[in-house]
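Heads up: the structure comes next, in C-alpha cells.
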Amino acid sequence: MSERKKKHSLKLHISAAVLPSAAFVAVPNAPVPSIIKCIEDAPLMGALLNSTVVSRMFGSPQPDPDENQEQQASIRDYEEMNDKGYLTIPFGELTPDKRSESFIDGMNFTEKAYEFHKKSNESEEINKNSSCLPAPVLEETLLARNCFQTEEIEEDIVHLAEETQTGIFESTEQRSSEELHETEAVNHRREQQLKTEIINLRDIVHRLNIELSKYQAKYCSAQILEQCQNIEGLPTQGPIPSWLISTKYLSPLVMEYGEQIEKLEANLTMYKKEFEKASNYCSELITENENLHEKLDKLTSGSSHVLERSVTEQRIDLLTAENLILLEQIKSEKTKSRDTFYTHSAEIQELKDQLHLKSERCNKLEQELMQEVQKNQELKISLDRLKSENQNKIALTEYENKLSALKKEHNDTIAEHEKAKIDLQTELESCYKDKEMSLSVQAQCKDKIERMHATIKGLKAKTREYEITNRKLLEALKITQNMEYLSQEQMQRFRLNEEVVQKILEKHSKSAEQHKQIKNKLKIYKKKLSDELLCKKEAINNLRQEFEIQIRQLCATLKHKEHLLQISEADRLEMENDMEILWQAAQNENQVMRQILKRISCQCQTRSLLSDDS
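In this text, residue positions in the sequence shown follow my numbering: the first is 4, and each later residue adds one.
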C-alpha cells in the first residue's frame, strides 16, 4: 500500500465535473491501481475532492510523503471545503445496522428506569427498617421519652437524606462515565469509516483520471491546446481563478446534496419522535411500577394464622406430587404407544412381503401353464405327423382310441388349471381386500396416535400453568410469612408500651390530670390498633378466599386430567385389540395360502411326472 501511494502522490487529479474544457490537457497518463473499490456516490465525491487539488496543477514536484502526511493532506482538503464556494457535507453515512447499534448503545431507557426504580425501592426499604427500629424506653417521664424519640427520628431523616444524595451523585457519575465511553466508541467508529472512505475515493479518482487521459489522447483538438497556452491566474502565478470557486459548476452537486440533507433531517425528526415515545413509555412504566409497589405494601401490611399457612403449604406439596405423577404417567404412555406403533408397523411390513411373494408364485404358475399349453400343441403336431407317416401301419380304431384318450387328458388338465387359476384369483382378491383393511386400520391407528400426542401437548401446557400457579402461591405464602413477622413485632411493641404505661401510672398515681391524659392516649392508641387489626383480618380473609377458589379450580382441572387419562387408556386398549385381531387374521390367511400352495405344488409334480411318462 505504501508503494502504491508513493506512485500516485505526484500525479495531477482533475475531474470533468468541475473544470472547463481548457484544463483537460494537463492530465498525464498514469498506471492503473492494483485494487479498485467502488462506492455508490463516487462521482460526486470525486468531483468535490478533485476541485481542491486543482490549485496545485502546475506546481513543483514534492518529495514522497508518508502515511501520516497523506492523512494530514486529506484532512486539509476537508478543511478547505469549508471555504467560500463549497458545502460542508459529510461524505459517508452510517449504515442502518451501525445506526441502530449507536442508538441502542446511547439510549437504554428500560435499564435506566429499572435502576432508578430499584434505587428508590432500596431507599424505601431503608426508611422502613429505620422506622421499625424499637425506640429506647425512658423510665423517668413520658415527655422525656417523646423528646428522645423525636430527636432520633430527626437524626435518621438526616442520615437517610445524606445517603440518598450520595447514591444519586454516584449514579449520575456512573451514567456520565458510561455516556462518555459510548461517545468515544461512536467517534472511533466514525474515524475508521472516514479513513476507509478516503482510501476508496482516492482509488476512484485515480481510475477516473486514467479514463479521462485515455479519452484526451484519442480525441485531442487544436482549440483546447491554444486555450491552454493562454491560461493565467493559477496558484503559482496569481490568485485562484473564478471557475475554481464559483458555484455555477457545482449546481448539480448542490442540488443532490440538498436532497441528501433533507433526507437526513427527516430521519432526525423521526428519531426524535421515537425518542419521545420511548421516554413517555418509560415514564408510564415507572408510574405503574410505583403504583404496584404501593398496592403490594398495602396488601403486605396484614398477617395470617400459622395453621392456615401450614394447610396451604400441605396442599401445594400435594399438587406438586400429583403433577409429577401425571408427568410420569404421560411418559410411560408415550413409550407404550411408540412400542405398539413400531411392532404393528413391523407386522404390516411382513404381511406386505408375504403378499409380494405370493403374487410372484402366482405369476410363475401362470407361466408354467402357458408352457404346458405349448407342449400340448407340439404333441398335436407330432401326432399329425405320425398319422401321415404311419397310415398303413396303425389301424384307425387304435388311432382314434389314442386320440380320444389324449383329448380327455388334455381337457382334464385344462379344467384343473382353470379351477386352480380361479381359486388363485379369489385368493388374490381376498388378499387385496385384507391389505386395504390393514391400511385403513393403520390410518386409524395413526389418527389415534396423533390425538394422543395432541392430548399430551395439552396436558403439558396445563402442567406449565399449574407450575405458574404454584409459584404464585409460594410468593403469596412468602408475603404472608412477612406479614406474620411484622404483626409479631407490632404486638411486642404494644406490650412494651403497655408495660411502660403501667410503670408510669404506678409512679404518677398522685397526679389525676396526668392520669386522665394517659388514659385518653391509651384509648386512642387502642382504637388505632383495633382498626389496624380489623383491616389486616379483612385482607387475610380475602387472601384466604382467593386461595380456596384457586384450590377448587386446581381440583377441577385434576379431575378433568384423570378423565382424559381414562379415555386415552380406553383408546389404547381398543387399538391393541384391533391389532391383535388383524394379526390373527393375517396368520390364518397365511396358513390357508400355504395349504393352497402345497396342493398346487403337488399337482404340478404329478403333471410333470405324467408328462415324463408319456
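For every residue, glycine included, the Cβ atom is placed at its ideal position computed from N, Cα and C. Given the structure is predicted, the values throughout are model-derived calculations rather than measurements.
- Message: For A408 and I599, what's the separation of their Cα atoms in angstroms?
- Response: Taking the straight line joining both Cα atoms gives about 29 angstroms.
- Query: Do you know whose CA, among K539, L354 and D616, lies nearest D300's CA?
  - Reply: Answer by Cα proximity: K539.
- Item | Neighbour-count burial assignment, N580, 16 or more Cβ in a 10 Å radius | Classification for N580: exposed.
- Task: Determine contact between the segment 340-357 and the segment 415-427, defined as no fewer than three beta-carbon pairs at a distance below 8 angstroms.
- Result: Using a Cβ-Cβ distance cut-off of 8 angstroms, the segment 340-357 and the segment 415-427 are not in contact, since fewer than three pairs of beta carbons, one from each stretch, lie closer than that value.
- Message: Quick check: I459 and I333, are their CB atoms within less than 8 angstroms of each other?
- Response: A contact, by the Cβ cut-off of 8 angstroms.
- Does the beta-carbon distance from D415 to E592 come in below 8 angstroms? No, these two residues do not count as a Cβ contact at 8 angstroms.
- Message: Taking the alpha-carbon of C434 as reference, which of K198, M596 and K266 has the nearest alpha-carbon?
- Response: Here the closest residue by C-alpha is M596.
- Sufficient close CB pairs (3 or more, under 8 angstroms) joining the segment 469-480 to the segment 312-325: Proximity of the segment 469-480 to the segment 312-325 meets the contact definition, three or more beta-carbon pairs being nearer than 8 angstroms.
- Message: Classify V208: buried if its beta carbon has 16 or more other beta carbons within 10 angstroms, exposed otherwise.
- Response: Burial check for V208: the Cβ neighbour count within 10 Å reaches 16 or more, so the residue is buried.
- Query: Rounded to whole angstroms, how far is the Cβ of K564 from the Cβ of L330, which I believe are closer than 8 angstroms?
  - Reply: Contact flag wrong, Cβ pair sits at about 11 angstroms.
- Return the chain-ordered list of same chain residues with a C-beta closer than 8 angstroms to the C-beta of D616, the five sequence neighbours on each side being excluded. Sequence-distant partners of D616 (beyond 5 residues in either direction) whose C-beta falls short of 8 angstroms from its own C-beta are missing from its chain.
- Task: Please list, in chain order, all residues of the same chain as N326 whose beta carbon is under 6 angstroms from its beta carbon, the five residues on each side excluded.
- Result: Closer than 6 angstroms at Cβ, skipping near neighbours: T466 and Y469.
- Query: Looking only at C-alpha atoms, which of K367, L406 and T609 sits nearest to I384?
  - Reply: With distances taken between CA atoms, I384 lies nearest to L406 out of K367, L406 and T609.
- Would D387 be called buried (16 or more neighbouring beta carbons within 10 Å of its own) or exposed? Answer is exposed; the Cβ neighbour count stays below 16.
- Environment of K411 [buried if 16+ CB atoms lie within 10 Å]: It is exposed - the Cβ of K411 has fewer than 16 other Cβ atoms within 10 Å.
- Message: With distance defined between alpha-carbon atoms, name the residue in L462, L532, N485 and K298 nearest to K562.
- Response: Of the candidates L462, L532, N485 and K298, L462 places its Cα closest to the Cα of K562.
- Message: Just to check my reading of the structure: K652 and S614 have Cβ atoms closer than 8 angstroms, yes? What is that Cβ distance to the nearest angstrom?
- Response: Since the first residue of the chain shown is 4 and the last is 617, residue 652 is not available in this structure.
- Query: Excluding sequence positions up to five away, which residues of its chain have a Cβ less than 8 angstroms from the Cβ of K601?
  - Reply: Short of 8 angstroms from the beta carbon of K601, and not among the five residues preceding or following it, lies no beta carbon of its own chain.
- When you compare each of E375, R454 and E403 to I417 by their alpha carbons, which one comes out closest? Nearest to I417 by alpha-carbon distance, out of E375, R454 and E403, is E375.
- Query: Straight-line CA distance for E439 to M582?
  - Reply: C-alpha separation (whole angstroms): 15 angstroms.
- Query: How big is the Cα-Cα spacing for E214 and K221?
  - Reply: For E214 and K221, the gap between their C-alpha atoms comes out near 11 angstroms.
- Item | Cα-Cα separation between N545 and N485, rounded to whole angstroms | Here the alpha carbon of N545 sits roughly 17 angstroms from the alpha carbon of N485.
- Item | Nearest to T472 (by Cα), restricted to the options A349, Q556, Q357 and S216 | Here the closest residue by C-alpha is Q556.
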